[in-house]
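Chains as they are written, first to last, in the working numbering: chain Z, 34 to 386; chain W, 34 to 142.
First comes the structure, then the notes that go with it.
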C-alpha cells in the first residue's frame, strides 16, 4: 500500500484527536492509540480542522469507560472482578473517613479552655465552688468538646436563671426540660437545656448543686453530605485503581492486592459500621455527633472488624489506624508492582501516541 | 451477543480488515443501520481479541499512522456460526408465527 492512500490530515485536527485520547488509560492508548487516530482521520471529511462535539463526547466517554473496564479473559475475569469489588468497598470506607474528617473541619473551632470555664461560671451562677475543666478524650466520636463540672453543696441550681443569663448574652436558648444524663441521682430533680451561639452548642444539665456543661461545635450540615461524597469518591477511586492494576495482569501485584484486602478488612468493617451509625444517629436529641474518622483517631481501644474477630487484636488504641495505614501502604506497593512487573502483553507491538 | 459484535465478526469472516474497513463493512452489512464509532469499535475489538475470537493478522505503519488488520480466529468462526444459527431459528420462528396469524405475508414487501 502506498503512502498516498493514507489519510491526509489537518495537523490541527490530528493534534486534537491525540489530545482527546488521553481520556483512555495509558496502556490502552499505547496499544490502540495510533490505529484509533488513523481511523478517525480516515473518517473525517477532507479539510476538517476540528472534531465535532459528538466526536469529542464519544472519545471522552469511551476513554472513561475503558478506564472502568476489567479484563474479560477467563480465568482472570472473575479474579479481577472480585478484587475490583473489594477495592471499591475498601476505597469507600477510607473515603467515608476522609469525608467525615473534612466535615468536622467545617465546624467552628473549639474555643480555648478559659472560655469554657467562663461559660461554666456563667451557667452555674454563684456560688460555684469548684470549676474543673476537662477536655473529653479528643474525639471519642471525633468531635472535640469541653466537658466541665462543678458542685456547690447546700445549694440548688436554678435552670431558669441560667437560661436567662445565657439569653442575655446572645445565646439562642432552648426550653428547660427534665433530663436523665447523670448516672447517679440525688433526691433533687435533674433538668437542663441546650443553647447555641457562633457555631457552638452548650448542653447544660443540673441536679441539686451539681452542674455539668458540654460545650462543642454543632454540625454545619456538611458532615453527612461529605461522608457520602467521600464514600462515593473513594469507591470510584478504588475501582479505578483495581482496574488499572488488573490491566497489567501482574502476578506479584495480585498477591499483594490479596494481602492488602486482608489487612484492610477489619478497619473497613469498622468504618462502615460507624458510617451507618453516623447516618442513623444524626440529629437524635441527647446523642453526641457521630463521625467516621474517629475510628482511626480514637483515644480508646475499639477492636476493629466484626465481633468474632475481636480476640486476635492487641489491646492498643492505634490498632485501627495501624491496620488502615498498612493497608494503604500495601495498596501503594501493589500499584508499584503492577507498574514494575506487568505480564507480557500478547497483543501485537505497541505504537506510541 | 450484541448486534455490533455480531456484525464485526461477520465483517471479518470473509477477510481481514483494518478499523475503518470494519466500520464500512458493518455499515454495508446492516444496510446503513449501524454506524460504528471508533471508540465503540476499538472497545469491541479489544474485548474480542481478549476472548480470542479475533486476532491481529498484520500491521501497516507509516509516520505515526497505523492500520492493524484483524481476522476471525477458528474459535471466532465457531462462535459466529452458533450465533448465526440461533438468529436463523429466531427469524424462522417469527415468520412461522406470522404465517399462522394469517393476512400478513412474511418477508420483504
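No residue lacks a Cβ here, since even glycine has one placed at the ideal position from N, Cα and C.
Given the structure is predicted, the values throughout are model-derived calculations rather than measurements.
Three Cβ pairs or more, each shorter than 8 Å: is that satisfied between the region 88-105 of chain Z and the region 58-68 of chain W? no
List in chain order: all unbroken alpha helix (DSSP H) runs of 4+ residues lying wholly within the region 176-230 of chain Z. 192-201
Amino acids of chain W, ordered along the chain, whose beta-carbon sits closer than 8 Å to that of residue 94 of chain Z: Taking the first chain and counting its residues from 1, one reaches residue 94 of chain Z at position 61. What residue 94 of chain Z touches in chain W: 72.
Answer yes if the region 343-352 of chain Z comes into contact with the region 308-317 of chain Z, meaning at least three C-beta pairs across the two stretches below 8 Å, and no otherwise. no
Leaving out five residues before and five after residue 212 of chain Z in sequence, what residues of the same chain have Cβ atoms less than 7 Å from its Cβ? For this step, residue 212 of chain Z is matched to residue 179 along the first chain. So the qualifying residues of the chain are 223, 224, 225, 238.
Would you say residue 106 of chain Z reaches chain W, if we count a Cβ-Cβ gap shorter than 7 Å as a contact? Start at 1 with the first residue of the first chain, and residue 106 of chain Z comes out as number 73. Yes - at least one Cβ of chain W is within 7 Å of the one on residue 106 of chain Z.
Output the distance between the C-alpha atoms of residue 182 of chain Z and residue 245 of chain Z, rounded to the nearest integer angstrom. Residue mapping note: residue 182 of chain Z aligns to position 149 of the first chain, counting from 1. Residue mapping note: residue 245 of chain Z aligns to position 212 of the first chain, counting from 1. Whole-angstrom Cα-Cα distance: 4 Å.
DSSP state of residue 79 of chain Z, grouped into three classes? To locate residue 79 of chain Z, count along the first chain from 1; it is residue 46. Three-state result, residue 79 of chain Z: coil.
Let me know if residue 179 of chain Z comes out buried or exposed under the rule of 16 or more other beta-carbons within 10 Å of its beta-carbon. Start at 1 with the first residue of the first chain, and residue 179 of chain Z comes out as number 146. Its Cβ being crowded by 16 or more others within 10 Å, residue 179 of chain Z is buried.
Along chain Z, in chain order, which residues have C-beta atoms closer than 9 Å to that of residue 116 of chain W? Position 83 of the second chain, counting from 1, holds the residue named residue 116 of chain W. Ordered by position in chain Z, no residue passes the 9 Å Cβ test against residue 116 of chain W, which lies about 17 Å from the chain.
May I ask you to list the residues that DSSP assigns as paired with residue 38 of chain Z? What you label residue 38 of chain Z is simply residue 5 of the first chain in a count that begins at 1. BP columns for residue 38 of chain Z are empty, so no partner.
Contacting positions in the region 80-99 of chain W - beta carbon closer than 7 Å to chain Z: 80, 82, 83, 84, 89, 92, 93, 94, 95, 97, 98, 99
By DSSP, does residue 85 of chain Z sit in helix, in strand, or in coil? Mapped onto the first chain, residue 85 of chain Z falls at position 52. Coil at residue 85 of chain Z, not helix or strand.
Would you call the CB atoms of residue 186 of chain Z and residue 242 of chain Z closer than 7 Å? Taking the first residue of the first chain as 1, we reach residue 186 of chain Z at position 153. Taking the first residue of the first chain as 1, we reach residue 242 of chain Z at position 209. Yes.
What does the Cβ neighbour count give for residue 323 of chain Z, buried or exposed, with the cut at 16 atoms within 10 Å? Taking the first chain and counting its residues from 1, the one referred to as residue 323 of chain Z is at position 290. When all chains shown are included, residue 323 of chain Z counts as buried.
Considering Cα atoms alone, identify which of Z:340, Z:371, Z:334 is closest to residue 353 of chain Z. In the first chain, residue 353 of chain Z corresponds to position 320, counting from 1. If we check each option's Cα against that of residue 353 of chain Z, Z:334 comes out closest.
Comparing C-alpha positions only, which one of Z:204, Z:134, Z:114, Z:43 sits nearest to residue 331 of chain Z? As a position in the first chain, residue 331 of chain Z is number 298, starting the count at 1. Residue Z:134 is the option with its Cα nearest to residue 331 of chain Z.
What is the DSSP secondary structure of residue 91 of chain W, counted as helix, strand or coil? Here residue 91 of chain W is taken as the residue at index 58 of the second chain, counted from 1. Correct three-state label for residue 91 of chain W: strand.
Return helix, strand or coil for residue 52 of chain W, following the three-state DSSP convention. Counted from its first residue, the second chain places residue 52 of chain W at position 19. Residue 52 of chain W: helix per DSSP, three-state reduction.
Within 7 Å of any Cβ in chain Z, is that where the Cβ of residue 54 of chain W sits? Taking the second chain and counting its residues from 1, the one referred to as residue 54 of chain W is at position 21. Closer than 7 Å: no.
Given a limit of 9 Å on CB to CB distance, which residues of the region 63-74 of chain Z reach chain W? 64, 65, 66, 67, 68, 69, 70, 71, 72, 73, 74
Just checking: is the beta-carbon of residue 39 of chain Z within a distance shorter than 7 Å of some beta-carbon in chain W? Position 6 of the first chain, counted from the start, is the residue given in the question as residue 39 of chain Z. Answer yes: the Cβ-Cβ gap between residue 39 of chain Z and chain W drops below 7 Å somewhere.
Run through chain W and tell me which residues come within less than 9 Å of residue 91 of chain Z, C-beta to C-beta. In the first chain, counting from the first residue as 1, residue 91 of chain Z sits at position 58. Within chain W, the residues near residue 91 of chain Z are 70, 71, 72, 73.
Taking 7 Å as the CB-CB limit, is residue 101 of chain W close to chain Z? Residue mapping note: residue 101 of chain W aligns to position 68 of the second chain, counting from 1. With 7 Å as the cut-off, residue 101 of chain W counts as an interface residue toward chain Z.
Between residue 152 of chain Z and residue 177 of chain Z, is the Cβ-Cβ spacing less than 7 Å? By 1-based counting over the first chain, the position of residue 152 of chain Z is 119. By 1-based counting over the first chain, the position of residue 177 of chain Z is 144. No; because the gap between Cβ atoms is not below 7 Å, this pair is not in contact.
Given that residue 178 of chain Z touches chain W, what residues does it touch there, using C-beta distances under 9 Å? Here the question's residue 178 of chain Z lines up with position 145 in the first chain. Per Cβ cutoff of 9 Å: no residues; residue 178 of chain Z is ~53 Å from chain W at best.
Pairwise C-alpha distance: residue 62 of chain W and residue 80 of chain Z: Within the first chain, residue 80 of chain Z is the residue found at index 47, counting from 1. Within the second chain, residue 62 of chain W is the residue found at index 29, counting from 1. Cα-Cα distance, rounded: 29 Å.
In terms of residues, what are the limits of the alpha helix (DSSP H) holding residue 54 of chain Z? If you number the first chain from 1, residue 54 of chain Z lands on position 21. From DSSP, residue 54 of chain Z is part of no alpha helix (DSSP H); its letter is neither H nor E.
Amino acids of chain W, ordered along the chain, whose beta-carbon sits closer than 9 Å to that of residue 98 of chain Z: Locating residue 98 of chain Z in the first chain gives position 65, where the first residue counts as 1. The contacting residues are 72, 76.
Just to confirm, is the Cβ distance from residue 260 of chain Z to residue 117 of chain Z under 7 Å? Indexing the first chain from 1 puts residue 260 of chain Z at position 227. Indexing the first chain from 1 puts residue 117 of chain Z at position 84. Result no, Cβ atoms of residue 260 of chain Z and residue 117 of chain Z do not sit closer than 7 Å.
Can you name, in chain order, every residue of its own chain whose Cβ lies under 7 Å from the Cβ of residue 293 of chain Z, other than the five neighbours on each side? Mapped onto the first chain, residue 293 of chain Z falls at position 260. Here the set comprises 360, 363, 364, 367.
Run of the alpha helix (DSSP H) containing residue 129 of chain W, from where it starts to where it stops: The count along the second chain starts at 1 and reaches residue 129 of chain W at position 96. 107-134 is the span of the alpha helix (DSSP H), which, as asked, contains residue 129 of chain W.
Among Z:266, Z:268, Z:267, Z:358, which one has its Cα closest to the Cα of residue 297 of chain Z? Within the first chain, numbered from 1, the residue matching residue 297 of chain Z stands at position 264. The option with the nearest alpha carbon to residue 297 of chain Z is Z:358.
Tell me the rounded alpha-carbon separation between residue 70 of chain Z and residue 123 of chain Z. Translated into the one-based positions of the first chain, residue 70 of chain Z becomes position 37. Translated into the one-based positions of the first chain, residue 123 of chain Z becomes position 90. The alpha-carbon atoms of residue 70 of chain Z and residue 123 of chain Z are separated by roughly 37 Å.
Which of the three DSSP states, helix, strand or coil, is assigned to residue 70 of chain Z? Looking up residue 70 of chain Z in the first chain gives position 37. Residue 70 of chain Z: helix per DSSP, three-state reduction.
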